[in-house]
Amino acid sequence: MDILGAEGTWFLDVDWCLAHGVAVQSLTQRAAEMVVLAPGVLHWVRSLGCNTQVAWNFGLCSRPQIAALSQRYLLNETEIGFRSVLPGQTLALDLANLMGHLPPDLLAHLKAVLDHAWHRSQDHLARFRTLHPNHPAFQKYDRSLETIMMCLDCKEEILNYYLLLDSHLLSNERNDGKYFCLKCCNTTLLDELRKRKFKDTRLFYKLEVKDVEKLQANLSRRIKDEKFKPKPIASLKEKWQEPVSILTYEHGKR
Ligand SMILES: [Zn+2]
2 MDILGAEGTW FLDVDWCLAH GVAVQSLTQR AAEMVVLAPG VLHWVRSLGC NTQVAWNFGL
62 CSRPQIAALS QRYLLNETEI GFRSVLPGQT LALDLANLMG HLPPDLLAHL KAVLDHAWHR
122 SQDHLARFRT LHPNHPAFQK YDRSLETIMM CLDCKEEILN YYLLLDSHLL SNERNDGKYF
182 CLKCCNTTLL DELRKRKFKD TRLFYKLEVK DVEKLQANLS RRIKDEKFKP KPIASLKEKW
242 QEPVSILTYE HGKR
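Here our numbering runs 1 ahead of the position in the sequence shown, where the first position is 1.
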């Protein structure tokens, strides 16, 4: 099952969960009610009638929320290869950059996310330069800092370097959804773009390397001051294997 591919069309099979010892809980949400779930709780929503569904993802800027968000991002990236729905890189960057007063343990979590994302971004840049030695120079596009970008091809968040379809740069100030990460900028993609008559593409970056390195150094200094070491990811994974909700279904009954 490709969960991401089937997103929005696949509904939990309650019988299967019960048969495999997976605890599930259900409720009927009525008008003006809000359902709040803890981080990491898998959930499905089904309409009982004709209506419009709206779902918001939000989190408190609290110690457990920041720690859980950072750890889940790294778990997705390094252990289970699952694309994070929330833009964890940009969030970690913003929090670390704008909230330097956060306690060192939280800064350590944020730095772990940033370090991972930054190294990957630099790796993609090196690979791109090898594959396309004659590529045009990257340009700084200041307005892109305000925008959270997802690659049009792989749907992953873009931290720094990206390719933009130039026709959209000229016609659409916000350039929504026309970005490609460097990982996806292979010959096949570029050929395909040319075939579709997107002849002009441009390469951009959002962050100056020296600024990111300065931020990393500042974070390191703050973290080192308190001699804090973040918990290894494995311990969080073990915790998630415990049941997260109460069993309310009996096998075969709905
Ligand atoms: Zn991509």
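Where is the CB? At the ideal position from N, CA and C, for every residue including glycine.
Give the secondary structure of Cys18 by DSSP, where H, G and I count as helix, E and B as strand, and everything else as coil.
Correct three-state label for Cys18: helix.
Just confirm the distance between the C-beta atoms of Thr91 and Glu158, as a whole number of angstroms; I'd bet it's less than 8 Å.
That pair is a contact at about 7 Å.
From Asp14 to Thr29, what does the alpha carbon distance come to, in whole angstroms?
Their Cα atoms are separated by approximately 17 Å.
Just the Cα atoms here: how many angstroms apart are Arg47 and Ala33?
The alpha-carbon atoms of Arg47 and Ala33 are separated by roughly 17 Å.
Sort out for me which residues DSSP pairs Phe181 with in a bridge.
According to DSSP, which records beta bridges pairwise, Phe181 is partnered with Leu164.
Can you list, in chain order, the residues of its chain with a C-beta nearer than 7 Å to that of Gly60? Leave out the 5 residues immediately preceding and following it.
Around Gly60: Gln66 and Leu70.
Which of helix, strand or coil does DSSP assign to Tyr206?
In this structure, Tyr206 counts as strand in the three-state DSSP scheme.
Starting from Ser71, trace the alpha helix (DSSP H) in both directions and tell me its first and last residue.
Taken as a continuous stretch (DSSP letters only), the alpha helix (DSSP H) holding Ser71 covers Arg64 to Leu76.
Which residues in the same chain have their Cβ closer than 7 Å to the Cβ of Cys185, if we skip the five residues on either side of it in sequence?
The answer, listed in chain order, is Cys152, Asp154 and Cys155.
Who's in the neighbourhood of ligand 1, going by beta-carbon under 6 Å from any heavy atom, listed in chain order?
Having a Cβ closer than 6 Å to some heavy atom of ligand 1 are Cys152, Asp154, Cys155, Glu157, Phe181, Cys182, Lys184 and Cys185.
With 7 Å as the threshold, decide whether the Cβ of Leu43 is near any Cβ in chain E.
The structure shown contains no chain E, having only a single protein chain.
With a cut-off of 8 Å on the beta carbons, I'd call Asn77 and Ser85 a contact; round off their distance for me.
That pair is a contact at about 5 Å.
Determine which residues share a DSSP beta bridge with His158 and list them.
The sequence given here places Glu at residue 158; His does not occur at that position. Note: Glu158 sits in a beta bridge opposite Met151.
Drop a sphere of 10 angstroms on the beta-carbon of Met100, count the other beta-carbons inside from all chains shown, and report buried for 16 or more, exposed for fewer.
Looking at its Cβ environment, which holds fewer than 16 other Cβ atoms inside 10 Å, Met100 is exposed.
Pull up the distance between the alpha-carbon of Ala20 and that of Gln26, whole angstroms please.
C-alpha separation (whole angstroms): 15 Å.
State the beta-bridge partners of Lys141 as determined by DSSP.
Per DSSP, Tyr206.
Keeping to the same chain, check which residues put their C-beta closer than 7 Å to that of Arg64; ignore five residues upstream and five downstream.
Excluding sequence neighbours, Arg64 sits near Leu107.
Can you tell me whether Thr91 is helix, strand or coil according to DSSP?
DSSP places Thr91 in helix when its eight states are reduced to three.
Could you check the C-alpha separation between Asn58 and Gln217 for me, to the nearest Å?
The straight-line gap from Cα to Cα measures roughly 28 Å.
Please report the straight-line C-alpha distance between Pro137 and Cys51, rounded to a whole angstrom.
C-alpha separation (whole angstroms): 52 Å.
Can you give me the Cβ contacts of Val114 inside the same chain, cut-off strictly under 7 Å, excluding the 5 residues immediately before and after it?
If we look at Val114 and ignore the five residues flanking it on each side, its Cβ neighbours are Ser71, Tyr74, Leu75, Gly89, Gln90 and Ala93.
Can you give the Cα-Cα distance for Ala1 and His110, rounded to whole angstroms?
The displayed coordinates of the chain run from 2 to 255. Any statement about residue 1 would go beyond what the structure contains.
Just to confirm, are Leu132 and Tyr162 a CB contact at a threshold of 7 Å?
Not in contact: Leu132 and Tyr162 (Cβ atoms no closer than 7 Å).
Can you give the beta carbon distance from Phe181 to Leu164, rounded, assuming they're within the 8 Å contact cut?
About 4 Å separates the two Cβ atoms, so the contact holds.
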